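The opening position of the sequence shown corresponds to residue -8 in this note's numbering, with each subsequent residue numbered one higher. We put the CB at the ideal spot given by N, CA and C, even for glycine. As the structure is a computational prediction, the values presented were derived from the model and not from experiment. Reviewing the structure listed below.
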Amino acid sequence: MSDPVRVTIYSREVCPLCEEAKETVDAVVERVEADATVEEVDVDTDPDLREQYGERVPYVFVDGTPKFKFRVDARELERAITDAAE
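Below you can see the structure in the form of structure tokens.
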């Protein structure tokens, strides 16, 4: 059995787009057939991340590969998770 697919959301507090992205990611992970885990990283807790991402959040990675910035397309995310699980 392979490791779960890692979905990482770089976000910050008080960010409506981040909340929307988290809801979309959670919904997709809940229904997708593949085993996936979600990690949320608050860029404001790390000066290097804050400098790297600035206002460019949410940023969503699937298994370390950047897939979405600002908005998450549920169908594309489901496809990315499924592909990464194969």
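Cβ neighbours of residue i in the same chain (closer than 6 Å, five flanking residues each side left out)
| i | result |
| --- | --- |
| V19 | A65, L68 and E69 |
| D26 | P(-5) |
| D35 | R3 and R41 |
| V23 | E69 and I72 |
9 Å Cβ cutoff met for residue i and residue j
| i | j | result |
| --- | --- | --- |
| A71 | K58 | yes |
| V5 | V16 | no |
Contacts around residue i, its chain only, beta-carbon distance under 7 Å, and the 5 residues preceding and following it disregarded
| i | result |
| --- | --- |
| E31 | I0, S2 and K13 |
| R47 | K60 |
| C9 | S2, R3, V48 and P49 |
| M63 | Going by the sequence as given, residue 63 is Val instead of Met. Around V63: A12, T15, V16 and V51. |
| Y44 | Y1, V34 and Y50 |
| T56 | none |
Straight-line Cα distance separating residue j from residue i
| i | j | result |
| --- | --- | --- |
| E77 | P7 | 33 Å |
| D117 | Y50 | Coverage of the chain is limited to positions -8 through 77, which leaves residue 117 absent and any answer about it impossible. |
| D37 | T73 | 31 Å |
| E21 | V53 | 15 Å |
| A75 | D39 | 28 Å |
| T28 | S(-7) | 13 Å |
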